[in-house]
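S.K.:
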Amino acid sequence: MIPRDPLEALTRGPAGFLRSSWPWRSAGYLLAGGVPGVACGLAVAGVAASWARIGAATAVVCALLVLGCATVAARPWERRRLRLVAPHTKLNAKLNAKPYAQPLAKPYGQPYAREIGHGALSVLALGWVDLAVVLVSLGIPGALLAAPLQPEAPPWARLGGPLAGALLLPVAAYPIAAWAGARAAVSLAVLAPGDAELTEVRRSRARLVDAYEAERRRIERDLHDGAQQRLVALTMKLGLAGLDLPAGSRAAREVAEAHRMAKDALAELRELIRGVHPQVLTERGLPAAVRDVATRSPMPVDLDVDLERRLPPAVEAAGYFAVCEALANAARHSGADRLRVGGRLRGGVLVLEVTDDGRGGADPAAGTGLTGLADRVAAVDGRMLLSSPVGGPTRLRVEIPCGG
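In my numbering, the protein residues as written are 23 to 426.
(1) Is the CB-CB distance between Ala-352 and Ala-358 below 9 Å?
(2) Can you list, in chain order, the residues of its chain whose CB lies under 6 Å from that of Leu-326, leaving out five sequence neighbours each side?
(3) For Tyr-130, is the classification buried or exposed, using 16 other Cβ atoms within 10 angstroms of its Cβ as the cut-off for buried?
(4) Quick one: what does DSSP say Arg-318 is sitting in, helix, strand or coil?
(5) Alpha helix (DSSP H) containing Glu-30: first to last residue?
(6) State whether the stretch 51-61 contacts the stretch 143-157, with contact taken as three or more CB pairs (one from each stretch) at a distance under 8 Å.
(7) Taking DSSP as the reference, what is the three-state secondary structure of Leu-167?
(8) Tell me whether Asp-286 is buried or exposed, calling it buried when 16 or more other Cβ atoms sit within 10 Å of its Cβ.
(9) Residues in the same chain with beta-carbon distance under 7 Å from Gly-383, minus the five sequence neighbours each way, listed in chain order, please.
(10) Out of Trp-99, Arg-101 and Val-66, point me to the one whose CA is closest to Leu-86's CA.
(11) Output the residue ranges of the alpha helix (DSSP H) runs that lie fully inside the stretch 358-404 and measure 4 residues or longer, sorted by chain position.
(12) In the DSSP output, which residue or residues are listed as bridge partners for Ser-409?
(13) Determine the direct distance from the alpha carbon of Ala-339 to that of Ala-280, and round the result to whole angstroms.
(14) Tell me whether Val-420 is buried or exposed, calling it buried when 16 or more other Cβ atoms sit within 10 Å of its Cβ.
(15) Quick one: is Asp-35 buried, meaning 16 or more other Cβ sit within 10 Å of its Cβ, or exposed?
(16) Can you give me the C-alpha to C-alpha distance between Ala-31 and Ser-209, rounded to a whole angstrom?
(17) Run the CB neighbour count on Met-283, radius 10 Å, all protein chains shown included, and call it buried at 16 or more, exposed below.
(18) May I have the straight-line CA-CA distance separating Leu-143 from Cys-62, to the nearest angstrom?
(19) Among the residues of its own chain, which have a CB less than 6 Å from the CB of Cys-424, if the five just before and after it don't count?
(20) Tell me which residue opens and which closes the beta strand (DSSP E) that Val-327 is part of.
(21) For the stretch 77-85 against the stretch 193-209, do three or more pairs of beta-carbon atoms, one drawn from each stretch, fall closer than 8 Å, so that the two count as touching?
(22) According to DSSP, simplified to helix, strand and coil, what is Pro-423?
(23) Can at least three beta-carbon pairs, one atom from the stretch 264-279 and one from the stretch 302-317, be found at a separation below 8 Å?
(24) Of all the options Ala-204, Val-156 and Ala-186, which has the alpha carbon lying nearest to the alpha carbon of Ala-169?
(25) Do you know offhand how far Cys-346's Cα is from Trp-44's?
(26) Taking the straight line between their C-alpha atoms, what separation do you get for Thr-80 and Gly-90?
(27) Using a Cβ-Cβ cut-off of 7 Å (strictly less than) and excluding sequence neighbours within five positions of Ile-198, which residues of its own chain qualify?
(28) Where does the unbroken alpha helix (DSSP H) through Pro-36 begin, and where does it stop?
(29) According to the neighbour-count rule (16 or more other Cβ atoms, all chains shown, within 10 Å of its Cβ), is Gly-10 buried or exposed?
(30) Contact check, Leu-329 vs Leu-367 under 8 Å by CB: the rounded distance?
(31) State the Cα-Cα distance for the pair Leu-407 and Asp-314, rounded to the nearest angstrom.
(32) Check this for me: beta carbons of Gly-414 and Leu-374, under 9 Å apart or not?
(33) What's the C-alpha gap between Pro-163 and Leu-181?
(34) Please state the DSSP three-state secondary structure of Leu-333.
(35) If we count the other Cβ atoms within 10 Å of its Cβ and call it buried at 16 or more, is Leu-262 buried or exposed?
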């Protein structure tokens, strides 16, 4: 498993940690905060120190303006540099999109005030510590490595200094990574969305998913009861008209061609309806819908889907399209001879598994639709797990909470 932050990387042992990118990421993270933080701090101190020339009140106002500008600039910059040491963590996207949407007059428990305080602390203190940790950790081995370049250094220092510096250089990565991990944890506690924000995001997403699925069902119903029925009637009329025409005549041939085209259009419309929201899913539930899609698979499919009750429409739709995408991917890319689809309801969670005996090596980044499938499952608070070693087999598991 890939470490998610420097502190977790430190627990993987010296060989794994030093060969990874985490030492360089940690140093880059601290330098990206330390250099601007120290520069802003010096600017604030310089303005404040000029009170004798410009007056105490003017110096205080100017210093506060410089500090305020630096604090506001520190908010988006902190998010950017956090990507070095916390690439898998989602930050407060709402506040990032509208940084000035919440007034400063709100209580200090609000996210905006927390970020303002964190930015000011970074400029006045934390940036200095960031830079000091890097300079001290790298400065000692760096000075030893540079001992041969110092004319006044004794002979033993010129010989032993580079060796000691080379031995201490890997050790310097540990305090840098430890402070970067602790520093990032503090920043994430401030910038990451809180429990109330996450709850509201989940509720909003659930409302959007429900509205989206309701609209899909409405479109399916309108197509099924409207356009499809008219195409069926047209196909029947063309068939009957062909029976009344002389066999082999030009009119009979044209009517027969129109009849064939109407049947093709009807078949395409039925496929479209099935792709929008299959009627069997609405009427009979997920097991019947999975059986229906399995019968149309170009490869044999072993089914073991047993659910004791109907599930929420959004859950059934997400599970159905997950199975459809998995079967389609296996048919196109796996080279498998047989597929298996299993489904159970375990502790209020829908668990679907699709397994094939193909060549394996499935990669979500290869554009096979797995990323979109994971996004669809995540939209209903589910998750997708994929195991696909080279040589197979491939196993895709989808877990979706059913809300009771």
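Glycine included, each C-beta is placed from N, C-alpha and C at the ideal position.
M.R.: According to the data block:
(1) Start at 1 with the first residue of the sequence shown, and residue 352 comes out as number 330. Start at 1 with the first residue of the sequence shown, and residue 358 comes out as number 336. Yes, the pair counts as a contact, with Cβ atoms nearer than the cut-off.
(2) Taking the sequence shown and counting its residues from 1, the one referred to as residue 326 is at position 304. It should be pointed out that residue 326 corresponds to Asp in this sequence rather than to Leu. Result list for Asp-326: Gly-364, in chain order.
(3) Position 108 of the sequence shown holds residue 130. Since pLDDT at Tyr-130 reaches only 37, below the 50 mark, its modelled position is unreliable, and no value is offered.
(4) For this step, residue 318 is matched to residue 296 along the sequence shown. Coil, per DSSP.
(5) Here residue 30 refers to the residue found at position 8 of the sequence shown. Looking at the DSSP string, the run of the alpha helix (DSSP H) that includes Glu-30 is 28-32.
(6) yes
(7) As a first step, residue 167 must be located in the sequence shown, where it is residue number 145. Leu-167 falls in the helix class under three-state DSSP.
(8) The count along the sequence shown starts at 1 and reaches residue 286 at position 264. With fewer than 16 other Cβ atoms within 10 Å, it is exposed.
(9) Working through the sequence shown from its first residue, we reach residue 383 at position 361. Ser-410 and Val-412, listed in sequence order.
(10) Start at 1 with the first residue of the sequence shown, and residue 86 comes out as number 64. Per the Cα distances, Val-66.
(11) 392-400
(12) Looking up residue 409 in the sequence shown gives position 387. Arg-417, per the DSSP bridge assignment.
(13) Translated into positions along the sequence shown, residue 280 becomes position 258. Translated into positions along the sequence shown, residue 339 becomes position 317. So the two alpha carbons sit approximately 36 Å from each other.
(14) Reading the sequence shown from its first residue, position 398 is the one you call residue 420. Answer is buried; the Cβ neighbour count reaches 16.
(15) Working through the sequence shown from its first residue, we reach residue 35 at position 13. The sequence as given places Gly at residue 35; Asp does not occur at that position. So Gly-35 counts as exposed.
(16) Taking the first residue of the sequence shown as 1, we reach residue 31 at position 9. Taking the first residue of the sequence shown as 1, we reach residue 209 at position 187. Each residue's Cα considered, the two are about 18 Å apart.
(17) One-based indexing of the sequence shown puts residue 283 at position 261. Met-283 comes out exposed.
(18) To locate residue 143, count along the sequence shown from 1; it is residue 121. To locate residue 62, count along the sequence shown from 1; it is residue 40. Near 12 Å, if we compare the C-alpha coordinates of Cys-62 and Leu-143.
(19) Walking along the sequence shown from the start, residue 424 turns up at place 402. Counting only Cβ-Cβ distances below 6 Å, and skipping sequence neighbours, we find Leu-333, Val-337, Gly-370 and Leu-372.
(20) Here residue 327 corresponds to residue number 305 of the sequence shown, with the count starting at 1. Unbroken beta strand (DSSP E) run through Val-327: 323-327.
(21) no
(22) On the sequence shown, position 401 is the one that residue 423 refers to. Three-state result, Pro-423: strand.
(23) no
(24) For the purposes of this step, residue 169 is taken as the residue at position 147 of the sequence shown. When only C-alpha atoms are compared, the closest one is Ala-186.
(25) Locating residue 346 in the sequence shown gives position 324, counting from the first residue. Locating residue 44 in the sequence shown gives position 22, counting from the first residue. Looking at the two C-alpha atoms, the distance is approximately 39 Å.
(26) Within the sequence shown, the letter at position 58 stands for residue 80. Within the sequence shown, the letter at position 68 stands for residue 90. Answer to the nearest angstrom: the Cα atoms are 15 Å apart.
(27) What you label residue 198 is simply residue 176 of the sequence shown in a count that begins at 1. Cβ within range, chain order: Pro-45, Ser-48, Ala-49, Leu-52, Val-155, Val-156 and Ser-159.
(28) Counting from 1 along the sequence shown, the entry for residue 36 is found at position 14. Element bounds for Pro-36: 36-41.
(29) A question about residue 10 goes unanswered here, because the residues of the chain that appear run from 23 up to 426.
(30) Taking the sequence shown and counting its residues from 1, one reaches residue 329 at position 307. Taking the sequence shown and counting its residues from 1, one reaches residue 367 at position 345. That belief holds up - the Cβ atoms of Leu-329 and Leu-367 are roughly 5 Å apart, short of 8 Å.
(31) Position 385 of the sequence shown, counted from the start, is the residue given in the question as residue 407. Position 292 of the sequence shown, counted from the start, is the residue given in the question as residue 314. C-alpha separation (whole angstroms): 24 Å.
(32) Along the sequence shown, read from residue 1 onward, the residue named residue 414 stands at position 392. Along the sequence shown, read from residue 1 onward, the residue named residue 374 stands at position 352. No.
(33) For this step, residue 163 is matched to residue 141 along the sequence shown. For this step, residue 181 is matched to residue 159 along the sequence shown. Distance between the alpha carbons of Pro-163 and Leu-181 is about 14 Å.
(34) Translated into positions along the sequence shown, residue 333 becomes position 311. In the structure shown, Leu-333 sits in coil (DSSP, three-state: anything other than H, G, I, E or B).
(35) In the sequence shown, residue 262 corresponds to position 240, counting from 1. Per the 10 Å Cβ criterion, exposed.
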